[in-house]
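Novice: If you read the sequences in order, they're chains A and B. Each residue of the first sequence is one higher than the one before, starting from 9 at the first, in our numbering. Each residue of the second sequence is one higher than the one before, starting from 2 at the first, in our numbering. A single structure is presented below for examination.
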Amino acid sequence: MEYDIEVTVNDVHYKTRVPASFTLMQLLRDKLHLTGTKEGCGIGECGACSVMLDGQLVNACLVLGVEANGSAVRTIEGEAKGEQLSDLQQSFIKHHALQCGFCTPGMILSARDLLGRVPAPRDEQIVEAIAGNLCRCTGYETIVDAIREVAHGPKGGAK
Amino acid sequence: MNFAYEKPTTAQALSGLLEQSGSGASLLAGGTDLLGQIRGRLIEPRLVIDLKGIEELSRIEHHDDGSVTIGATVSANRIIDDKRLHGAMAALPEACARIATYAIRNRATVVGNIANASPCADSVPPLCVLDAEVELRAGSAVRRLTLPAFIRGVRATVRTKNEYVAAIHIPAHAKGTRSFFRKHQRVRGHDLALANAALLHDPENKRLRVAIGSCSPAPVVVHLDDLFDSLDAEEAARRCMAAILPISDVRASAEYRTDMTGVLVRRLFDDLKA
């Protein structure tokens, strides 16, 4: 069965039609062609598809597209302002917090969500916040460095 | 994977849908377990009924007598954030904090954790020691069951196809009652429990009990009231290790699970005495 749905993604309103079995990730990638959100495992273990749904961090692979009907979604495409990269994006580059880049959209969404909830997180809170985001390249240290610098400034915060 | 989707806004409409579709329907709360089952083709529902449109199922209610009702669509993170769930109830938010990861806890529900009846469900041992009851509804018919009566085995419950779990009721406990939770897993944040356990200590009524998960098809509750005065952790650990029926699987051997159950019980006694 297919359903008409309306969803706002990064402040852009979309009307589309999806099968009930489509996940929010399939809706974003295959229908709306917002391919910044990545599919890693597809079963909620890797966090590559992390997005904000009505202000809450979710794994887009574990939400049906029809469940997002009437909702506001934020994805990695909403992070930069035009050509101007966000503070988190610039910090990830500065700290070499990515190599292959596949986990990065989800990492940045999880980090953005953390900074919204906890403006000055301790390292253990940063680690807890990205516990659901697997990275196989960096070893995580540089990702924590990047998030810490955005939260506390270049010299702030306990390492 | 060609199913229909309905999102009723009243309990009455939900019951109507369940009556029409019966065993072909799957109930969707957080979806973190259901979507994995559907995508893995472990189940092939004809209809998925989303419970999130029904406002009355979304509440955490703290009643005047100290009892608490948790609706079917209350997420694990809402339980963690509820500052009134402490003291006797403390094991429940503690267990919820150990379920999966933050993003999953935003969706995953406590009722779903129970209704799926996975033997390693983290919220089950706390709710067992708290004598929580599951409220099953079919139309206007309501019945309440304790967790050991509700969960019959691995992913098996007594819920009939016309019923849904509307809420969990946690009774009030005597003043001074405390509860604790412990979980053993290989990787924090990405793993299911090898063993999990909760302890309840009620000094007013001299009640002491432990519930153990992940080590039997259904939760095991061990009554230890006779150890209330001695708080003999070694004896408690021995009894708990004897009460479980663990299996060997990809995560651990039965022997290891048994040993770890003993460790968790001793640590729960340490938590109590700390």
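Every residue gets a Cβ at the ideal spot worked out from N, C-alpha and C, and that includes glycine. Remember, predicted model here, so these are calculated numbers, not experimental data.
Identify the continuous beta strand (DSSP E) that holds residue 51 of chain B and give its terminal residues.
Specialist: Translated into positions along the second sequence, residue 51 of chain B becomes position 50. Taken as a continuous stretch (DSSP letters only), the beta strand (DSSP E) holding residue 51 of chain B covers 48–51.
Novice: On a Cα-Cα basis, can you pick out the residue from A/122, A/143 and A/139 that is closest to residue 158 of chain A?
Specialist: Position 150 of the first sequence, counting from 1, holds the residue named residue 158 of chain A. If we check each option's Cα against that of residue 158 of chain A, A/122 comes out closest.
Novice: Over the uninterrupted alpha helix (DSSP H) stretch that includes residue 148 of chain A, give me the two end residues.
Specialist: The residue you call residue 148 of chain A lines up with position 140 of the first sequence. From DSSP, residue 148 of chain A is part of no alpha helix (DSSP H); its letter is neither H nor E.
Novice: Kindly list, in the order they appear in chain A, the residues whose Cβ is closer than 8 Å to that of residue 4 of chain B.
Specialist: Mapped onto the second sequence, residue 4 of chain B falls at position 3. In chain order: 9, 28 and 29.
Novice: Where residue 166 of chain A and residue 116 of chain B are concerned, what is the direct C-alpha to C-alpha distance, given to the nearest angstrom?
Specialist: If you number the first sequence from 1, residue 166 of chain A lands on position 158. If you number the second sequence from 1, residue 116 of chain B lands on position 115. Its pLDDT being 47, under 50, residue 166 of chain A is placed unreliably by the model, and the measurement read from it follows with that caveat. Their Cα atoms are separated by approximately 43 Å.
Novice: Using a beta-carbon distance below 8 Å, is residue 49 of chain B in contact with chain A?
Specialist: As a first step, residue 49 of chain B must be located in the second sequence, where it is residue number 48. Taking Cβ atoms only, chain A reaches closer than 8 Å to residue 49 of chain B, which makes this a yes.
Novice: In chain B, which residues lie less than 7 Å from residue 66 of chain A when you measure between Cβ atoms?
Specialist: Working through the first sequence from its first residue, we reach residue 66 of chain A at position 58. 104, 107 and 108, listed in chain order.
Novice: Counting only Cβ-Cβ distances shorter than 8 Å, please list the residues of the region 67–88 of chain A near chain B, keeping chain order.
Specialist: Those would be 67, 69, 70, 71, 72, 74 and 75, in chain order.
Novice: Does the beta carbon of residue 70 of chain B sit closer than 8 Å to a beta carbon anywhere in chain A?
Specialist: In the second sequence, the residue the question calls residue 70 of chain B occupies position 69. With 8 Å as the cut-off, residue 70 of chain B does not count as an interface residue toward chain A.
Novice: Whose Cβ in chain A lies nearer than 9 Å to the Cβ of residue 40 of chain B?
Specialist: For the purposes of this step, residue 40 of chain B is identified with residue 39 of the second sequence, where counting begins at 1. Result: 29, 31, 50, 51 and 69.
Novice: Assuming residue 61 of chain B is part of the alpha helix (DSSP H), what are its boundary residues?
Specialist: Here residue 61 of chain B refers to the residue found at position 60 of the second sequence. It is not in any alpha helix (DSSP H) - residue 61 of chain B instead sits in the beta strand (DSSP E) that spans 61–63.
Novice: Given a threshold of 16 other Cβ atoms within 10 Å of its Cβ, counted over all protein chains shown, does residue 117 of chain A qualify as buried or as exposed?
Specialist: Counting from 1 along the first sequence, the entry for residue 117 of chain A is found at position 109. Residue 117 of chain A should be labelled buried.
Novice: Beta-carbon of residue 137 of chain A versus every beta-carbon of chain D: anything under 8 Å?
Specialist: In summary, chain D is missing from the structure at hand, where the protein chains are A and B.
Novice: For residue 55 of chain A, which residues in chain B fall below 8 Å Cβ to Cβ?
Specialist: One-based indexing of the first sequence puts residue 55 of chain A at position 47. Near residue 55 of chain A (Cβ distances below 8 Å), the residues of chain B are 102 and 104.
Novice: Is residue 259 of chain B close to chain A, meaning its C-beta is less than 8 Å from at least one C-beta of that chain?
Specialist: Against the second sequence, residue 259 of chain B aligns to sequence position 258. Closer than 8 Å: no.
Novice: Going along chain A in order, which residues have a C-beta closer than 8 Å to the C-beta of residue 177 of chain B?
Specialist: The sequence position of residue 177 of chain B within the second sequence is 176, counting from 1. Within chain A, no residue comes near residue 177 of chain B; the closest Cβ sits about 31 Å away, beyond 8 Å.
Novice: Shorter than 8 Å from the beta carbon of residue 166 of chain A to some beta carbon of chain B?
Specialist: Position 158 of the first sequence, counted from the first residue, corresponds to residue 166 of chain A. Per-residue confidence for residue 166 of chain A stands at a pLDDT of 47, beneath the threshold of 50, marking its modelled position as unreliable; the derived number appears in the next sentence. No, its Cβ sits nowhere closer than 8 Å to a Cβ of chain B.
Novice: Where does residue 88 of chain A fall in DSSP's three states?
Specialist: For this step, residue 88 of chain A is matched to residue 80 along the first sequence. Looking at residue 88 of chain A - three-state DSSP - the assignment turns out to be coil, as it is neither helix nor strand.
Novice: Within 8 Å of any Cβ in chain B, is that where the Cβ of residue 124 of chain A sits?
Specialist: Sequence index remark: in the first sequence, residue 124 of chain A carries index 116 (1-based). Not closer than 8 Å to any Cβ of chain B, the Cβ of residue 124 of chain A fails to qualify, so no.
Novice: For residue 80 of chain A, which residues from the same chain have a beta carbon less than 7 Å from its beta carbon, with the 5 sequence-adjacent residues on both sides left out?
Specialist: Here residue 80 of chain A is taken as the residue at index 72 of the first sequence, counted from 1. Cβ neighbours of residue 80 of chain A beyond the five flanking positions: 16 and 62.
Novice: At the 8 Å Cβ level, is residue 36 of chain B part of the contact set with chain A, yes or no?
Specialist: Numbered from its first residue, the second sequence carries residue 36 of chain B at position 35. For residue 36 of chain B, the answer is yes, since a Cβ of chain A falls inside 8 Å of its Cβ.
Novice: Counting C-beta neighbours from all protein chains within 10 Å, is the total for residue 143 of chain A 16 or more, i.e. buried, or is it exposed?
Specialist: Locating residue 143 of chain A in the first sequence gives position 135, where the first residue counts as 1. Buried, because 16 or more other Cβ atoms sit within 10 Å of the Cβ of residue 143 of chain A.
Novice: Quick check on the DSSP output: what are the complete beta strand (DSSP E) runs of length 3 or more inside the region 158–241 of chain B, in order along the chain?
Specialist: Entirely contained in the region 158–241 of chain B, the beta strand (DSSP E) runs reaching 3 residues are, in chain order, 165–171, 179–185, 196–203, 208–214 and 221–224.
Novice: Bridge partners for residue 127 of chain B per DSSP, in chain order?
Specialist: What you label residue 127 of chain B is simply residue 126 of the second sequence in a count that begins at 1. According to DSSP, residue 127 of chain B bridges with nothing at all.
Novice: Could you pull out every unbroken alpha helix (DSSP H) segment of at least 4 residues lying fully inside the region 64–100 of chain B, listed in chain order?
Specialist: For the region 64–100 of chain B, whole alpha helix (DSSP H) runs of length 4 or above, ordered along the chain, are 77–82 and 92–97.
Novice: Return no unless some Cβ of chain B is closer than 8 Å to the Cβ of residue 58 of chain A.
Specialist: For this step, residue 58 of chain A is matched to residue 50 along the first sequence. Yes, contact with chain B.
Novice: Going along chain B, which residues have a C-beta under 9 Å from residue 109 of chain A?
Specialist: Locating residue 109 of chain A in the first sequence gives position 101, counting from the first residue. What residue 109 of chain A touches in chain B: nothing, since even the nearest Cβ is about 20 Å away.
Novice: For a test of the three-state rule: what should DSSP assign to residue 8 of chain B, helix, strand or coil?
Specialist: Stepping through the second sequence from its first residue, residue 8 of chain B is reached at position 7. In the structure shown, residue 8 of chain B sits in coil (DSSP, three-state: anything other than H, G, I, E or B).
Novice: Sorted by chain position, which residues of the same chain lie with C-beta nearer than 6 Å to residue 25 of chain A's C-beta, five sequence neighbours on each side aside?
Specialist: If you number the first sequence from 1, residue 25 of chain A lands on position 17. Excluding residues within five positions, the ones whose Cβ falls inside 6 Å are 10 and 12.
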